[in-house]
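Enquirer: What follows is a structure written as structure tokens; I'll ask about it next.
2 protein chains.
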Amino acid sequence: MTMKTHPSAVALEETEAPDLPARALDDSSESEGEILHASIYQELRRRLFTGKITPGLGLSTRVLATELGVSQMPVRDALSRLAADGAIEIRSKRRIQVPAMTAARFDDLLQCRLLLEPQAARMAMPFIDSARLETLKKVDAQMDAAIQSGDVHGYMENNFAFHFTMYRALGRRTMNQLIETLWLQFGPYMRVVYGRFGTSNLVDQHAVALRAIETGDGEALERAIASDIADGMGLIGRNGLEPA
Amino acid sequence: MTMKTHPSAVALEETEAPDLPARALDDSSESEGEILHASIYQELRRRLFTGKITPGLGLSTRVLATELGVSQMPVRDALSRLAADGAIEIRSKRRIQVPAMTAARFDDLLQCRLLLEPQAARMAMPFIDSARLETLKKVDAQMDAAIQSGDVHGYMENNFAFHFTMYRALGRRTMNQLIETLWLQFGPYMRVVYGRFGTSNLVDQHAVALRAIETGDGEALERAIASDIADGMGLIGRNGLEPA
DNA sequence: GGACCTCTTTTGTGATCACAGAATACTCGC
DNA sequence: GCGAGTATTCTGTGATCACAAAAGAGGTCC
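First to last, the protein sequences are chains C and W.
Each residue of the first sequence is one higher than the last, beginning at 34 in my numbering.
Each residue of the second sequence is one higher than the last, beginning at 34 in my numbering.
And the structure:
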């Protein structure tokens, strides 16, 4: 409706989680700020990672387009990519939505996370310099604060930042891509569960991980991340999932 | 150029590897034959899996569109999805191409494969019924024949069929998605290497895997798949990669 | 008063057009 | 003959239009 040629100014925030000091190497940055559909893709990813988009929520190309001030086209492109990631479901001529979580899918995601992330953390450890370690500590502190105050969104953002600050220290593009795919899929669901049950039951395995990094104990880090995943998602699994 | 309204008939072959008797459960089938861009997505995936699209090859929306008899739009959608999978690179206003393989990326892919596929095979083993086992044997025989006759394309198709007949027996959508992402990325490259060095050096670890399945030895199957991956890609790695 | 049918609205999908930038081909000058 | 600069072609990107199908709302009939 009445937006002729290239609106140019799109109110998109940064493509990453907030206050990550230096974006990790590799990463699909380059100069994507100029390409509209790429910006929108990153923006929607961010919303999924941090649970701003909840499952069952109906997404619409036109609605998103007007909301972001662009035409359908770049939104379509972005949604296509997200569909390829498995983050959203585009059912033919019907509605676009975040797929519902089932017990089977949850187990699937959990297993994949346990297969990839502990190993990724262990491999990344040698590349975590003091700067990154400081970042991790700061993020962890912010996450603790969020847990204390019951700030679900803050918790998820900092949890995301913590994990990917580690993984991205390793330059492995494909491995990060796989892990991101997983987060894209369970992110929306975690938000729902945390919103329903609060963050008070969350235990902070990150402290153990930090100690492991400081002492250079790769195996301990691997175990800590595995526990972190199993604990967090185990809590969700018990509470949030109806028997499928 | 002169193709007005919906050409309808698109010369797309099946979305899967050829002569897989029953398409595995789960799988993104539904009724996607009707959606154009989904068909094209599957077609391009097939070409990537089996190495029909080689790295460095320039892809163009318009060229592909006219080749397939459709407009740019569905091709664009399909390419967007493939870009999300990491299978192709869309560099802004430049050209779309299959990313070049580097030693680092190769190691990355290899490591990811070793992390996921042996486990996937092991978990899938209980679900490999006699029908699937027969399929595996047949595919393996065809693969051997392809190796003997130096038929690179036949080898790759049957190798693909062998692995995914196993993985898809397990219904894990996300895990399969991750593995498919990996194959999409190294598929084009394998084709080049095999084409350059022939298939004569290939050893057939599949026979060991088949025996493990028949005897119900999960650990042996896991080891066999790991060896299969390491052998095959190790051969490539030594021969095909220039020092990056 | 409730179930069924119909009409309207909204949706994703595909096609076409327009534009800016990159890559290639071509030409001119040295 | 060759290199540099220019012009043309081709590219992806974004916008707009058109259409069929699905969902929702409304009314009607029993």
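Ideal Cβ positions, reconstructed from N, Cα and C, are used throughout, including at glycine.
Along chain C, which residues have their Cβ under 9 Å away from the Cβ of W/Met138?
Expert: Reading off the sequence, residue 138 of chain W comes out as Arg, not Met. Ordered by position in chain C, the residues that pass the 9 Å Cβ test against W/Arg138 are Arg205, Arg206 and Thr207.
Enquirer: At which residues does the alpha helix (DSSP H) containing W/Asn192 begin and terminate?
Expert: From DSSP, the alpha helix (DSSP H) with W/Asn192 extends over Val185 to Ala202.
Enquirer: Apply the 10 Å Cβ neighbour rule to W/Pro151 and answer buried if 16 or more other Cβ atoms are within range, or exposed otherwise.
Expert: By the neighbour-count rule (16 or more Cβ atoms within 10 Å), W/Pro151 is buried.
Enquirer: Should C/Ser113 be flagged as near chain W, meaning a C-beta pair shorter than 8 Å?
Expert: Chain W contact via Cβ: present.
Enquirer: With a cut-off of 8 Å, does the C-beta of C/Thr135 fall near any C-beta of chain W?
Expert: So no, C/Thr135 is outside the interface.
Enquirer: Per DSSP, which residues does C/Gly91 bridge with? Please list them.
Expert: According to DSSP, C/Gly91 bridges with C/Gln130.
Enquirer: So with Cβ pairs under 8 Å, would you call C/Ala259 a contact of chain W?
Expert: C/Ala259 does not count as touching chain W.
Enquirer: Restricting to runs no shorter than 4 residues, where is the alpha helix (DSSP H) found entirely within the stretch 107-189 of chain C?
Expert: Whole alpha helix (DSSP H) segments, 4+ residues: 136-157 and 163-182.
Enquirer: In whole angstroms, what separates the C-alpha of W/Gln105 from that of C/Cys145?
Expert: Straight-line Cα distance between these residues: approximately 36 Å.
Enquirer: Check whether chain W comes within 8 Å of C/Ile279, counting only Cβ atoms and requiring the distance to be less than that.
Expert: For chain C, the structure presents residues 34 to 277; residue 279 of chain C sits outside this window and is missing.
Enquirer: Grab the span of the alpha helix (DSSP H) containing C/Asn209 for me, first residue to last.
Expert: Unbroken alpha helix (DSSP H) run through C/Asn209: Arg206 to Phe230.
Enquirer: So, at 6 Å on beta carbons, what are the nonlocal neighbours of W/Asp261 in its own chain, with the 5 sequence-adjacent residues on each side left out?
Expert: Only Gln238 meet the Cβ criterion.
Enquirer: Chain W beta carbons: is any one of them nearer than 8 Å to that of C/Leu97?
Expert: It does not: the Cβ of C/Leu97 has no partner Cβ on chain W nearer than 8 Å.
Enquirer: Express the C-alpha separation of W/Thr198 and C/Arg322 in angstroms, rounding to a whole number.
Expert: Missing from the structure shown is residue 322 of chain C; chain C here goes from 34 to 277 and no further.
Enquirer: W/Arg79: which of W/Arg109, W/Glu213 and W/Ile68 sits nearest, CA to CA?
Expert: Looking at the Cα atoms, W/Glu213 is the closest of the given residues.
Enquirer: In chain C, what lies closer than 8 Å to W/Asp110 by C-beta?
Expert: Within 8 Å Cβ-Cβ: Arg109, Asp110 and Ser113.
Enquirer: When the Cβ atoms of the stretch 85-96 of chain W are set against those of the stretch 216-223 of chain W, are three or more pairs found closer than 8 Å?
Expert: Cβ pair count under 8 Å is three or more, so yes.
Enquirer: Quick check: the stretch 241-258 of chain W against the stretch 161-169 of chain W, are at least 3 beta-carbon pairs closer than 8 Å?
Expert: These segments touch.
Enquirer: In chain C, which residues lie with their C-beta within 8 Å of the C-beta of W/Gln210?
Expert: By Cβ distance, chain C contributes Gly119 and Thr214.
Enquirer: According to DSSP, is C/Glu76 part of a helix, a strand, or is it coil?
Expert: Of the three classes helix, strand and coil, the one that applies to C/Glu76 here is helix, per DSSP.
Enquirer: Exposed or buried, which one is C/Arg67 when buried takes at least 16 other CB atoms within 10 Å?
Expert: For clarity, residue 67 of chain C is Glu in the given sequence; the question names Arg instead. So C/Glu67 ends up on the exposed side.
Enquirer: Report buried or exposed for W/Asp162, applying the criterion of at least 16 other Cβ atoms within 10 angstroms of its Cβ.
Expert: The residue in question, W/Asp162, is exposed, as its Cβ has fewer than 16 Cβ neighbours within 10 Å.
Enquirer: If we ignore side chains and look at the alpha-carbon of each, how far apart do C/Ala257 and W/Glu100 end up?
Expert: So the two alpha carbons sit approximately 52 Å from each other.
Enquirer: If you measure from the beta carbon of C/Ala263 to each beta carbon in chain W, is any gap under 8 Å?
Expert: Not closer than 8 Å to any Cβ of chain W, the Cβ of C/Ala263 fails to qualify, so no.
Enquirer: In the DSSP assignment, find the unbroken alpha helix (DSSP H) run with W/Leu243 in it and report its ends.
Expert: His239 to Thr248 is the extent of the alpha helix (DSSP H) around W/Leu243.
Enquirer: What is the rounded straight-line gap between the Cα of W/Trp216 and the Cα of C/Gln181?
Expert: If you take the alpha carbons of W/Trp216 and C/Gln181, they lie about 43 Å apart.
Enquirer: So, does the CB of W/Asp141 fall closer than 8 Å to a CB anywhere in chain C?
Expert: Chain C contact via Cβ: present.
Enquirer: Rounded to a whole number of angstroms, what is the C-alpha to C-alpha distance between W/Phe193 and W/Leu142?
Expert: Their Cα atoms are separated by approximately 16 Å.
Enquirer: Below 9 Å on C-beta distance, what does C/Leu149 contact in chain W?
Expert: What C/Leu149 touches in chain W: Cys145, Leu148, Leu149 and Leu211.
Enquirer: Of all the CB atoms in chain C, is at least one closer than 8 Å to the CB of W/Ala116?
Expert: Yes, W/Ala116 counts as interfacial toward chain C.
Enquirer: Would a C-beta distance cut-off of 8 Å place C/Ala153 and C/Leu81 closer than the cut-off?
Expert: Their beta carbons are not under 8 Å apart, which means C/Ala153 does not touch C/Leu81 by this criterion.
Enquirer: Grab me the residues of C/Asp264's own chain with a C-beta within less than 7 Å of its C-beta, minus the 5 sequence neighbours each way, in chain order.
Expert: So the list reads Val236 and Gln238, once near-sequence residues are dropped.
Enquirer: Is the stretch 107-118 of chain C touching the stretch 113-120 of chain W in the sense that three or more CB pairs, one from each, lie closer than 8 Å?
Expert: In short, these stretches touch, since the Cβ pair count reaches three.
Enquirer: How is W/Ile68 classed by DSSP in three states: helix, strand or coil?
Expert: Residue state, collapsed to three classes: coil.
Enquirer: Using 8 Å as the threshold, is the C-beta distance between C/Phe195 and C/Met176 below it?
Expert: Yes, they are a contact pair.
Enquirer: Could you check which residue in W/Ile129, W/Lys85 and W/Arg124 has the C-alpha nearest to that of W/Val108?
Expert: Residue W/Ile129 is the option with its Cα nearest to W/Val108.
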